[in-house]
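Down below is the structure, laid out as structure tokens.
Protein chains: 2
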Amino acid sequence: MSPTPARTSRDAILAAARTILERDGLDAVTMAAVAERVGIRPPSLYRHVRDRAGLLVALVGGAADELRIELVAAAASIEDLPGPEGPARRVVAITDAYRAFARRSPRTAALLFSDLGPATAAIVEASARAAAPVVEAAAALAGPERALSAARVLTAFAHGFTSMEVAGAFRLGGDPDEAYHLGVATLVAGLRTGRPDPAVRASARPGTR
Amino acid sequence: MSPTPARTSRDAILAAARTILERDGLDAVTMAAVAERVGIRPPSLYRHVRDRAGLLVALVGGAADELRIELVAAAASIEDLPGPEGPARRVVAITDAYRAFARRSPRTAALLFSDLGPATAAIVEASARAAAPVVEAAAALAGPERALSAARVLTAFAHGFTSMEVAGAFRLGGDPDEAYHLGVATLVAGLRTGRPDPAVRASARPGTR
DNA sequence: ACCTGAACACCGTTCAAGT
DNA sequence: ACCTGAACACCGTTCAAGT
């Protein structure tokens, strides 16, 4: 007759799901596996999450918030400097933090920009929150006009690189670290100084002002 | 008594799967849906592919080969020029071709560097084949020593950008085309001229010579 | 108020049986 | 030689029933 207290929590469920995701992959994140890990039966999960897709979206959303905090911390760890030096270092710190996150939670990171079906919108929203510090740093680096484009370029590189890394795409030898820092340094230097080489720009396809 | 001729083919199966993938997403690529589309029953599929994972791997592998052909064609469409101008334009042509492919087959492109379980190795191999023209062009642009890193940087950017685009990550307004070409132009200009800014490089974490 | 067993539809896969 | 129906294990999900 007495109302029974909850035997688990939404947070515990999300944590369990994330552990399974990182350890065994997305297919292993079944309702049965998650339920067992938190000590309840599968049907009870539906009291805490709408369905499996909702669970995954919440998982990725939580990870995005966690990432945002780490990116903000990385940006804050760089002292302000006069001239363009500060923003450049800040961007490097942010991209390094992104990569650190992706290496710690590779499968979660791979889901940050993935098509998870109809519920994808919520993930995109969470990712946008996480991208805020990137846009801020990009604005300081490349100027307010190019801030959005610069942030997209930096995010695309960091995300693309780490997701390739996670998929095991770098097996031809060489040093992935070197490639990552080459990319970041090239982008930071180019986005800072302003216009890229006009000859190259001219060969981009027309109609893209 | 007479041996019955095959009612379908592996190619037809892969094409059917790809159509469903692009139209309705990965979850919709069920054995039942593919079988129905080629006019057989689900169990018969197992005569042509090992299992669902094998089907997906073959699908992505075929797409990677198709992509490779388009990248080679894009590279060949740029005439040789003396000096660094030729390689730069070639790299732009290749990255444009990659983006065109990703826009035509967004969900397939998203799978090119994805973790599809134990069979992922085959996908990575196919992607490596597709990356060959990129490495070649990167070598001409950045020199043989930095060819591999430069190719990784360019591929990471192109893949990361298009996968974000596919996921609908660019909703803050602005022009994605502009951002894409800004990224490509920045990378091409920076990778061509050689060393990125030393001050920025110095802030990369140590031990990555 | 929260959890569960039972049940349903669906999916991937196997295999003996059909032609 | 290729295809199929029947069957199995598993999965996501619902819901009436339990405490």
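Each protein sequence line maps, in turn, to chains L and F.
So the first sequence is residues 1 to 209, counted in the working numbering.
So the second sequence is residues 210 to 418, counted in the working numbering.
For every residue, glycine included, the Cβ atom is placed at its ideal position computed from N, Cα and C.
None of the values given here were measured: they were computed from a predicted structure.
Quiz item: Taking Cβ-Cβ distances shorter than 7 Å, what residues in chain L pair up with F:His368?
Solution: Result: Gly160, Met164.
Quiz item: Out of L:Val38, L:Leu187, L:Phe101, L:Ala109, which has the shortest C-alpha to C-alpha gap to L:Ser149?
Solution: In this structure, L:Leu187 is the residue among L:Val38, L:Leu187, L:Phe101, L:Ala109 with its C-alpha nearest to the C-alpha of L:Ser149.
Quiz prompt | Any chain F beta carbon closer than 7 Å to L:Val153 | solution = The beta carbon of L:Val153 falls within 7 Å of a beta carbon belonging to chain F, placing the residue at that interface.
Quiz item: When you check each C-beta in the segment 218-238 of chain F against every C-beta of chain L, which residues fall closer than 8 Å?
Solution: Answer set for the segment 218-238 of chain F: Gly234, Leu235, Asp236.
Quiz item: Between F:Ala283 and F:Arg308, what straight-line distance do the alpha-carbon atoms span, to the nearest angstrom?
Solution: Straight across, the Cα-Cα distance linking F:Ala283 with F:Arg308 is about 12 Å.
Exercise. Label L:Pro118 either buried or exposed according to how many other C-beta atoms from any shown protein chain fall within 10 Å of its C-beta, with 16 as the threshold for buried.
Key: Exposed, because fewer than 16 other Cβ atoms sit within 10 Å of the Cβ of L:Pro118.
Quiz item: Which value, in whole angstroms, describes the spacing of the CA atoms of F:Ala340 and L:Phe170?
Solution: Those two C-alpha atoms are separated by around 11 Å.
Quiz item: Between L:Arg95 and L:Ala185, is the Cβ-Cβ spacing less than 7 Å?
Solution: According to the sequence as given, residue 95 of chain L is Thr; it is not Arg. No, the Cβ-Cβ distance between L:Thr95 and L:Ala185 is not below 7 Å.
Quiz item: With 16 other CB atoms within 10 Å as the buried threshold, where does F:Glu288 fall?
Solution: Its Cβ having fewer than 16 others within 10 Å, F:Glu288 is exposed.
Quiz item: For the alpha helix (DSSP H) that L:Gly160 lies in, which residues bound it at each end?
Solution: Residues 147-166.
Quiz item: Are the C-beta of F:Thr317 and some C-beta of chain L separated by less than 7 Å?
Solution: False, the Cβ-Cβ gap to chain L never drops below 7 Å.
Practice problem: Count the other C-beta atoms from every protein chain shown that fall within 10 angstroms of the C-beta of L:Ser105, then say buried if there are 16 or more, exposed otherwise. | Solution: Answer is buried; the Cβ neighbour count reaches 16.
Quiz item: Straight-line CA distance for F:Thr189 to F:Arg316?
Solution: Past the edges of chain F, shown from 210 to 418, lies residue 189 of chain F, and the structure says nothing about it.
Self-check item: CB contact below 7 Å: F:Ala349 versus chain L
Solution: At a cut-off of 7 Å, the C-beta of F:Ala349 has no neighbouring C-beta in chain L.
Exercise. Return the chain-ordered ranges of every alpha helix (DSSP H) run that is complete within the segment 218-262 of chain F and spans a minimum of 4 residues.
Key: Listed in chain order, the alpha helix (DSSP H) elements of length 4 or more contained wholly in the segment 218-262 of chain F are 219-233, 240-247, 251-254.
Quiz item: Taking Cβ positions only, does L:Phe113 come closer than 7 Å to chain F?
Solution: Interface residue (Cβ-Cβ distance to chain F less than 7 Å): L:Phe113 is classified as such.
Self-check item: Expected contact under 8 Å - CB spacing of L:Val49 and L:Ala58 to nearest Å
Solution: The pair is a contact, with the Cβ atoms about 6 Å apart (cut-off 8 Å).
Quiz item: When the Cα atoms are used, what is the spatial distance from F:Thr239 to L:Ile13?
Solution: The alpha-carbon atoms of F:Thr239 and L:Ile13 are separated by roughly 28 Å.
Practice problem: Could you work out which residue in L:Arg52, L:Ala76, L:Ser77, L:Gly174 is closest to L:Val21 when comparing CA atoms only? | Solution: The question names Val, yet the displayed sequence has Leu at residue 21 of chain L. Out of L:Arg52, L:Ala76, L:Ser77, L:Gly174, L:Arg52 has the C-alpha closest to the C-alpha of L:Leu21.
Quiz item: Just to confirm, are L:Leu141 and L:Leu191 a CB contact at a threshold of 7 Å?
Solution: The beta carbons of L:Leu141 and L:Leu191 sit closer together than 7 Å.
Exercise. Using three-state DSSP, classify L:Gly190 as helix, strand or coil.
Key: Correct three-state label for L:Gly190: helix.
Practice problem: Give a yes or no on whether the minimum CB-CB distance between L:Ala167 and chain F is below 7 Å. | Solution: Yes, because at least one Cβ of chain F sits closer than 7 Å to the Cβ of L:Ala167.
Quiz prompt | Residue from L:Asp27, L:Glu136, L:Glu178 whose Cα sits closest to the Cα of L:Pro87 | solution = Considering only alpha carbons, the answer is L:Glu136.
Quiz item: Would F:Leu325 pass as a contact of F:Leu265 if the rule is Cβ separation under 7 Å?
Solution: Result yes, Cβ atoms of F:Leu325 and F:Leu265 sit closer than 7 Å.
Exercise. Kindly indicate which residue of F:Val269, F:Ala215, F:Arg227 has the alpha-carbon position closest to the one of F:Gly248.
Key: Per the Cα distances, F:Ala215.
Quiz item: What is the DSSP secondary structure of F:Glu288, counted as helix, strand or coil?
Solution: For F:Glu288, the secondary structure class from DSSP, reduced to helix, strand or coil, is coil.
Practice problem: Might you give, ordered along the chain, the residues of its own chain that have their beta carbon closer than 7 Å to the beta carbon of L:Pro176, omitting 5 neighbours on each side? | Solution: Beyond the five residues adjoining it in sequence on each side, L:Pro176 comes within less than 7 Å, by CB distance, of Glu165, Phe170 in the same chain, given in chain order.
Quiz item: For F:Ile305, which of helix, strand or coil comes out of DSSP?
Solution: The question names Ile, but residue 305 of chain F in the sequence shown is Asp. In the structure shown, F:Asp305 falls within a helical segment according to DSSP collapsed to helix, strand and coil.
Practice problem: Give a yes or no on whether the minimum CB-CB distance between L:Ala202 and chain F is below 7 Å. | Solution: Here the model assigns L:Ala202 a pLDDT of 42, short of 50, so the residue's position is not dependable, and the following value carries that caveat. Chain F has no Cβ within less than 7 Å of the Cβ of L:Ala202.
Quiz prompt | Segment limits, alpha helix (DSSP H) that includes F:Leu320 | solution = It spans 315-320 - the alpha helix (DSSP H) in which F:Leu320 sits, taken as one unbroken run.
Exercise. Could you confirm whether any beta carbon from chain L is found closer than 7 Å to the beta carbon of F:Asp406?
Key: Note that F:Asp406 scores 44 on pLDDT, short of 50, meaning its location in the model is unreliable; the coordinates nonetheless yield the value given after this. For F:Asp406, the nearest CB of chain L lies under 7 Å from its own CB, placing it at the interface with that chain.
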